[in-house]
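Participant: My structure is below; once you've seen it, I'll send some questions.
In my numbering, the protein residues as written are 63 to 536.
Have a look at this one:
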């Protein structure tokens, strides 16, 4: 089990304890909050896109990774022509999306029918108008939220499915870039990596399939590293390529011989995969869950602390002294030259410049792609396909901007919370029992000031989204 999986299970155990406490003490709002956060962690999806040239063994790789033999059609004459996704489900359910854009229908099929829709041999030129295959499976490999996306080969990509393939890349948490050991990486593969994958996802695992078919595999790996180093602008020795043998993995599944598993090298691939997603998307999911859990525990702890404090026979003089200190702190925060105001103003101006610059660069790249589509003889016969591709590029552009804004906003939130000592994630009104009536009015005034500061900060952060809206209007 990976570190990510272990930490996820540990956090889920903490959720179970907290939920039981909330139920016992009938804390309904907190209980709902905990259950929603627990559900989000359980269902947190990690998207892994498998991409590469056609006939590189991508479908075999996926089957072997899932410890299956026949989910994705595999044969020497079989060519995948459809984007397929597989995610966890309590029972196997397979659906295919059919029809023209805007008029799609969903049809449930059996596993044996998959080749009828996803292979060029049984669905030549996509006469059945299949858009995408969606598989839900009780496969244990998927239980932690892994979603695998199988894409058609680069060299044989049906232009009708190109937009769907590209649409997944901006949302990929990691990419398995697949080539085989029979030949070095081609110019087309490197160009696809540079222009279509790297702008959206830098979490890439390079997989070399059919490692059992050649003796000079080290030469192929050295050649590939040298080429990848030029694209990635890094030293060749820093690039990890994982050679695997799907055939050896299938032998292991059939005969349970440990040497077959070792020879297949799928253990290393799984370690690389889980390490990568654990460091990236997995870490994000876990941190969010821990923050939600911490917040809920704070909500449950607050009334207990109030009750405990009330039992300590605190005098009105002590309460008034604390109130004066709080009022002084809030007056300092409300001053026009307060540090948080300056940081917020400066950061928003800088961020607007950065986002506008990124938008201009991405838009220039989008325009370049559009010109390439117009020069492609395959596409000029179908203006709709060109429109679909451009729409996909626009979606990718906006997705990148959205991710950047979210990241910058999160960093700014943390910085402002540290400076002000306020919790910006939600508005909280603290009620203290047993206090003198003469202090109540003053406490309300303090809380109003606290909310005023929060409101100012949150309004400033909302400008982040307005920047995006302005860019959309360009």
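Just so you know, even glycine gets a beta-carbon here, dropped at the ideal spot from N, CA and C.
Predicted, not measured: the structure shown is a model, and the values here were computed from it.
Taking only the alpha-carbon atoms, compute the straight-line gap between residue 527 and residue 467 and give it to the nearest angstrom.
Facilitator: In this predicted model, residue 527 has a pLDDT of only 46, less than 50, meaning its place in the structure is not dependable; the value taken from the coordinates is given anyway. Using only the alpha carbons, I get a separation of about 8 angstroms.
Participant: Please state whether DSSP places residue 306 in a helix, a strand or coil.
Facilitator: coil
Participant: For residue 318, name the three-state secondary structure that DSSP assigns.
Facilitator: coil
Participant: CA-CA distance, residue 421 and residue 452?
Facilitator: 16 angstroms
Participant: Which residue marks the beginning of the alpha helix (DSSP H) containing residue 419, and which one marks its end?
Facilitator: 401-436
Participant: Secondary structure at residue 79, three-state DSSP: helix, strand or coil?
Facilitator: helix
Participant: Go ahead and label residue 409 buried or exposed: buried means 16 or more other beta carbons lie within 10 angstroms of its beta carbon, across all protein chains shown.
Facilitator: buried
Participant: Should residue 266 go down as buried or exposed, given a rule of 16 or more other Cβ atoms within 10 Å for buried?
Facilitator: buried
Participant: Spatial neighbours of residue 168 within its chain, please: C-beta separation below 7 angstroms, excluding the five flanking residues on both sides.
Facilitator: The beta carbon of residue 168 lies closer than 7 angstroms to those of 157, 159 in the same chain, with the five residues before and after it left out.
Participant: So, under 8 angstroms CB-CB, residue 246 and residue 196 are touching, yes? Tell me the CB distance rounded to an integer number of Å.
Facilitator: Between residue 196 and residue 246 the Cβ distance is about 35 angstroms, and since that is not below 8 angstroms, they are no contact.
Participant: Looking at C-alpha atoms only, which residue of 109, 351, 455, 477 is the closest neighbour of residue 95?
Facilitator: Of 109, 351, 455, 477, the residue nearest in Cα terms is 351.
Participant: For the stretch 232-252 against the stretch 167-183, are there 3 or more C-beta pairs whose distance is under 8 angstroms?
Facilitator: Below 8 angstroms, too few C-beta pairs join the stretch 232-252 and the stretch 167-183 to call them touching: fewer than three.
Participant: Since residue 191 is in the alpha helix (DSSP H), which residue starts that stretch and which ends it?
Facilitator: Premise fails: residue 191 is in no alpha helix (DSSP H) and is neither H nor E.
Participant: Note down the Cα distance separating residue 154 from residue 173, rounded to an integer number of angstroms.
Facilitator: About 9 angstroms.
Participant: Hey, residue 103 and residue 347 are a contact pair by Cβ (cut 8 angstroms); roughly how many whole angstroms apart?
Facilitator: 6 angstroms
Participant: Which of the three DSSP states is assigned to residue 130 in this structure?
Facilitator: Collapsing the DSSP output to three states places residue 130 in coil.
Participant: Only counting the same chain, and skipping five residues up and downstream in sequence, which positions put a Cβ closer than 6 angstroms to that of residue 331?
Facilitator: Contacts found: 304, 306.
Participant: If you count every other CB in all the chains shown that lies within 10 Å of the CB of residue 232, and 16 or more means buried, which is it?
Facilitator: That one is buried.
Participant: Measuring alpha carbon to alpha carbon, tell me which of 284, 300, 113, 76 ends up nearest residue 228.
Facilitator: 113
Participant: How would you label residue 164, buried or exposed, when you count the other beta carbons within 10 angstroms and need 16 or more for buried?
Facilitator: exposed
Participant: If you measure between the beta carbons of residue 238 and residue 110, is that distance less than 8 angstroms?
Facilitator: yes
Participant: Within the same chain, show all residues whose beta-carbon is closer than 6 angstroms to that of residue 161, passing over the 5 residues directly before and after it, in chain order.
Facilitator: 167, 191
Participant: Taking its Cβ as the centre, do 16 or more other Cβ atoms sit within 10 Å of residue 289, making it buried, or is it exposed?
Facilitator: By the neighbour-count rule (16 or more Cβ atoms within 10 Å), residue 289 is buried.
Participant: Would you kindly report the start and end of the unbroken alpha helix (DSSP H) that includes residue 170?
Facilitator: It is not in any alpha helix (DSSP H) - residue 170 instead sits in the beta strand (DSSP E) that spans 167-171.
Participant: If you reduce the DSSP assignment to three classes, tell me which class residue 148 lands in.
Facilitator: strand
Participant: Considering only their Cβ atoms, is the gap separating residue 207 from residue 100 smaller than 8 angstroms?
Facilitator: no
Participant: Return the residue from the list 130, 215, 185, 135 that minimises the CA-CA distance to residue 199.
Facilitator: It is 130 whose Cα lies nearest to the Cα of residue 199.
Participant: Our contact map puts residue 116 next to residue 261 with C-beta atoms below 8 angstroms; I'd like the distance itself, whole angstroms only.
Facilitator: Wrong, their Cβ atoms sit about 23 angstroms apart, outside the cutoff.
Participant: Rank 65, 85, 74, 73 by C-alpha distance to the C-alpha of residue 362 and give the top, closest one.
Facilitator: Distances from the alpha-carbon of residue 362 to those of 65, 85, 74, 73 put 85 closest.
Participant: Short of 7 angstroms in beta carbon distance, which residues of its chain neighbour residue 275, apart from the five on each side in sequence? Order them along the chain.
Facilitator: 243, 244
Participant: Once DSSP output is grouped into helix, strand and coil, what is the label at residue 136?
Facilitator: coil
Participant: Give me, in chain order, the residues of the same chain whose beta-carbon lies closer than 8 angstroms to that of residue 235; leave out the 5 immediate sequence neighbours on both sides.
Facilitator: 108, 109, 110, 263, 265, 339, 342, 343
Participant: Going by DSSP in three states, residue 351 sits in which element: helix, strand or coil?
Facilitator: helix
Participant: With DSSP as the reference, label residue 339 as helix, strand or coil.
Facilitator: The three-state reading of DSSP puts residue 339 in helix, counting H, G and I together.
Participant: What's the C-alpha gap between residue 171 and residue 284?
Facilitator: 44 angstroms
Participant: Measuring only the C-alpha atoms, how far is residue 316 from residue 309?
Facilitator: 11 angstroms
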